[in-house]
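Chains as they are written, first to last, in the numbering used here: chain A, 59 to 1024; chain B, 10 to 239.
See below:
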């Protein structure tokens, strides 16, 4: 039963024909479609939604606008849901957060009795001694002070992102936002209007107007008539970054909006007053009661007291009285008699007004978790009131302390806000370029002023974009709000519990104590006291904090200043940041074949490569079999991931000479040469093979891991050298297949090719082009694994066909594919270095025995001078091959240290069990005096076991290089 | 002889593609329902045009060499021009061109250009193997702009990116060339990128298309629409 519902027209957002059943704390409730969780519960007389962060005091929503920690609740699969912003859904199960044993009887509320042991900054002072005790305390503190629970068995939802563009983004769809969007739209600009609520209109949809002159309908009509104005509702702008990059969340999508100009019409935030027990459920803002009445048809209470510092409180009192709530008193804390049309009307209607009074303390209803009455006393000075006064029973306390400009987004963009004179309320002082503001955030106190500001802002933005000379920041520093909030309603109480920050349970005394301890800079104060660090990020506490600080320091809020605003402006689900990330993946043309053939795939940069073929439990055997097949018969490996660059043009040779270390001047067409690349510091950065395909045409390969970085590096060189050459990255345009083993030539001959393959016609290091399996291919007679081998480069679109043809033709020779793991063993047996595995960010060629690849007679190549200097300095380490004589010893892993007399002299870079040599072999950096063949080295292997190894001559396998030259 | 295959051959076949020869090209003709694919193309369709011819040329002599062979490049970079035979000539820079073969029928322009590549080399118009190096998809229909907004940061609305525009940008974090050449009043965005990432790009696009009820379509549907707009 919803006992507190009002008849229509109250309740513009609810559909009374669609009841919605849901649960809160295990009890069933009914609301209507369109209700928020909090409005539906309020309609059922439930105001307490959660327990507070530190002291576990009962809390509810203050503003009913989705701003505070007090309205955070837990859903089954989602923590920290704003109960006053999330719509109810059928069957929804809602739980209070931060309780031990339930909302009604929260055992953790006993903490309040120990409050004096939890002073400001207590966690900086306690729990740190004896050493290590923090680890124990941390678990307890996190459990006690936590917010919601993350359900780790939750099935992830689909979140994504989208881009949008516009001339003008208008943030906020209230009166000012609508008028600004309409003004820009009328100028023919492409406008995006972003509104946080599900409907346009803002305050006009719930506020009390002097007269209903159809302002809202007129604005909505104007917007609808303008096709160039796009409207996003239920969309929240959470960030305003450089160049008007706006982050806007809507449902499960993060919109990334680029606007040429932005008009902020973000309105204001109703502020709490500060007095004892100002945190009780049932203490709400004037705007909240108006929302409850007009949006949700909820009668907010039976008997209300209104505490006001302006005319808004009287408007709320009139609204309450008209909707069946007995208004016991309007307590006006201003020293002067009330003025303003609403106050006059309230007086005329006979409402009881207590001018010059405040609420000294609120008292809890002994039967319920909400306010039950107030003590109203006379204001005796700035922040002071009499101890004795009148006790008034009520179940609703309405606060109209004042409205702060919602300037967080503007401040992110660089706008400055600052209170004027002795006022506590910040005013817009200046705007960044291509930004404007209108409405409450720009200081407007009436709809008329807001509309005028908005029209002006729209025209200024249009002029700004057209480049005309109009003042683009027309609305900066033009407040028209009165200064009624100059004395902010902050009333410290001897017994405390006057909360400055409801999110974090920070009281006036804690602020004063922090100041007394020397944390008197506003940023330090924030971090030490945690004021402003909760979900509302200071929106409801910054003014009071500045006021308390100003009073304590006998200065003004303007002098106290404000903390930095950072995105996101409001609590944002992680899914919105993380959702639908894009991670490109590269597949070789044979990818599908490998998967079908039970390859275990591994990543290599963005590429997917077969590690080995077979089941994971057969890994070692599979790798060994693949190795032995290559050594004894023939295997083939997909090396399409190797980089491939076409270097063409009259200066192609000159380019290679400068970029790579060897000399290519004597390289003939049809031949290949090892191509080593170093950077300007002489560090080895990549290697490959350069094949000369024509007089000024080279095809250069690069390592899988290095290709992506190498191409821009080569282009960078060319940008500097301006040679007559073209460099094209053709990595993906060609597949590459390395067929290796003593039967490799037989397989190619069986398959059929117009390339002469005899050792004389196609010797080691030859480069040929021709047809293989009917496909035009490039064929390089090179090998990485130390056997007779050919690297075949067909066009990518035909590579699978060539691969399959090779498999078919090789069947009679025992061919099988091999993966990266087997290749690593094979090349290790042959003593070949893998750049980035066996080299690091300091390795120069002489350390890894690649001095032979340096063109010593060349006058220049990148890194030449550095390498010469490094060589003159002498080597500090060398990469050597080692073998472990004890076949029962632990096989070292890559990264294990080489040690001598307790000192580290190097590390292992490659390690494997060689099935051919039947022993553990590897490559390791050692001290130069350990590098001689036969030297004993000690490797500290897994578990700290010391493995004795011996420096071996490289290559381990086929030292005469007879097999690859077959 | 090994026939060229699309880099997403496995993916389209798994999705039920009928692969056959249509108007001289072996490609996905349809996914079993050509009529529905015509309607889908108007709404949001994704076609794999990778089996169609395309070739690139770059170098100081490229523009002149192509002009001598009847290819009229746009006057400035990042623009595309439809040629009389239906092929599309794209200026990627002052010295680089990409020629996409005509949607209908076996192409002769690209074949002719490739056959003369050695000649081009002599005048510093270097051929670039775009057929093998780049996938080529077409995203069609009324929702194409909204769909691309989920993958690409460039404003693809017609007011900012009219017919003939070219963007060399990031598509789902993949380097891509996006070209707008509509079929009549139906928006068509040609998408080209690294062929090794074709499966990734195809899957990313289909994922982004879901909310618009988009689907893959075959060449038969696009040819029907092309005829309609002739």
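Just so you know, even glycine gets a beta-carbon here, dropped at the ideal spot from N, CA and C.
Being a predicted model, the structure only gives us computed values, none of them experimental.
| task | Would you mind telling me which residues of chain B sit closer than 8 Å to residue 786 (chain A), beta carbon to beta carbon, in chain order? | result | Among the residues of chain B, those whose CB is under 8 Å from the CB of residue 786 (chain A) are 67, 135 and 137, following chain order.
| Straight-line gap, residue 464 (chain A) to residue 321 (chain A) (C-alpha atoms, nearest Å) | 13 Å
| Where does residue 384 (chain A) land, buried or exposed, given buried means 16+ other C-beta within 10 angstroms? | exposed
| field | Closest Cα partner of residue 140 (chain A) within the set A:149, A:155 and A:148 | value | Closest by alpha carbon: A:155.
| Name the chain A residues whose beta carbon is nearer than 9 Å to that of residue 206 (chain B)? | 642, 643, 644, 645, 664 and 790
| task | Please report the Cβ distance between residue 979 (chain A) and residue 988 (chain A), rounded to the nearest whole angstrom; I am assuming they are in contact, meaning their Cβ atoms lie under 8 Å. | result | Rounded, the Cβ-Cβ distance is 17 Å, inconsistent with contact.
| request: Mind checking the region 202–222 of chain A against chain B and listing, in chain order, the residues whose C-beta falls within less than 8 Å of any C-beta there? | output: 218, 219, 220, 221 and 222
| query | What's the gap between the Cα of residue 690 (chain A) and the Cα of residue 647 (chain A)? | reply | 27 Å
| query | Based on the DSSP secondary-structure assignment, which residues constitute the bridge partners of residue 659 (chain A)? | reply | Listed as beta-bridge partners of residue 659 (chain A) by DSSP are A:668.
| query | So which residues on chain A does residue 209 (chain B) lean against when the C-beta distance must stay under 7 Å? | reply | 642 and 643
| message | Let's test the definition: count the other Cβ atoms within 10 Å of the Cβ of residue 226 (chain B) and tell me whether it reaches 16, buried, or not, exposed. | response | Residue 226 (chain B) is classed as buried because its beta carbon has at least 16 other beta carbons within 10 Å across all chains shown.
| Contact set between residue 161 (chain B) and chain A, taken where Cβ atoms lie within less than 9 Å | Within chain A, 221 have C-beta atoms less than 9 Å from the C-beta of residue 161 (chain B), given in sequence order.
| Where residue 858 (chain A) meets chain B, residues with beta-carbon distance less than 9 Å | 11, 14 and 18
| Going along the chain, which residues of the region 319–338 of chain A sit with their C-beta nearer than 7 Å to a C-beta in chain B? | none
| request: Ignore the nearest five residues each way along the sequence and tell me which others in residue 191 (chain A)'s own chain have a CB closer than 8 Å to its CB. | output: Result list for residue 191 (chain A): 185, in chain order.
| said: Can you pull out the residues from the region 706–726 of chain A whose beta carbon lies closer than 7 Å to at least one beta carbon of chain B? | reply: 706 and 707
| task | Kindly indicate which residue of B:132, B:149 and B:120 has the alpha-carbon position closest to the one of residue 138 (chain B). | result | B:120
| field | Paired residues, beta bridge with residue 154 (chain A) - DSSP | value | A:131
| message | Among A:222, A:500, A:406 and A:362, whose alpha-carbon lies nearest the alpha-carbon of residue 316 (chain A)? | response | A:222
| task | Could you give the DSSP three-state label for residue 539 (chain A): helix, strand or coil? | result | Residue placement at residue 539 (chain A) cannot be trusted, given a pLDDT of 48 that sits under 50; the coordinates are not used to answer.
| request: Would you decide whether residue 267 (chain A) is buried or exposed? Buried here means 16 or more other CB atoms lie within 10 Å of its CB. | output: exposed
| For residue 643 (chain A), which option in B:207, B:239, B:236 and B:125 has the closest C-alpha, if you only look at C-alpha atoms? | B:207
| Under the DSSP definition of a beta bridge, which residues are partnered with residue 1004 (chain A)? | A:998
| query | By how many angstroms is the C-alpha of residue 850 (chain A) removed from the C-alpha of residue 708 (chain A)? | reply | Approximately 27 Å between the Cα atoms of the pair.
| request: Go ahead and pull the three-state DSSP assignment for residue 131 (chain B). | output: helix
| Stretch-stretch touch, CB-based, cutoff 8 Å, three pairs: the region 425–436 of chain A with the region 465–477 of chain A | no
| field | Identity of the residues DSSP links to residue 443 (chain A) by a beta bridge | value | A:437
| task | Using 10 angstroms around the beta-carbon of residue 196 (chain A), count the other beta-carbons present and answer buried if the total reaches 16, otherwise exposed. | result | Per the 10 Å Cβ criterion, exposed.
| request: Under 7 Å between beta-carbons, which chain A residues line up against residue 121 (chain B)? List them in chain order, please. | output: Correct list: empty, because the minimum Cβ distance to chain A is about 18 Å.
| said: On the DSSP bridge list, what partners appear for residue 81 (chain A)? | reply: A:86 and A:151
| query | Thinking C-beta only, is residue 337 (chain A) closer than 7 Å to residue 557 (chain A)? | reply | Their beta carbons are under 7 Å apart, which means residue 557 (chain A) touches residue 337 (chain A) by this criterion.
| query | Rounded to a whole number of angstroms, what is the C-alpha to C-alpha distance between residue 541 (chain A) and residue 517 (chain A)? | reply | Residue placement at residue 541 (chain A) is flagged as unreliable, the pLDDT there being 47, under the threshold of 50; the coordinate-derived value follows with that caveat. For residue 541 (chain A) and residue 517 (chain A), the distance between alpha carbons rounds to 29 Å.
| query | For the region 828–843 of chain A, which residues have a CB atom closer than 8 Å to at least one CB atom of chain B, in sequence order? | reply | 831, 832 and 833
| query | Is residue 231 (chain B) near the ligand SAH, with its Cβ less than 6 Å from a heavy atom? | reply | What this structure holds is no ligand at all, so the ligand SAH is not there to describe.
| said: Here's the rule I'm using: 16 or more other beta-carbon atoms within 10 Å means buried, otherwise exposed. How should residue 237 (chain B) be labelled? | reply: exposed
| task | Assign residue 336 (chain A) to one of three DSSP states: helix, strand, or coil. | result | coil
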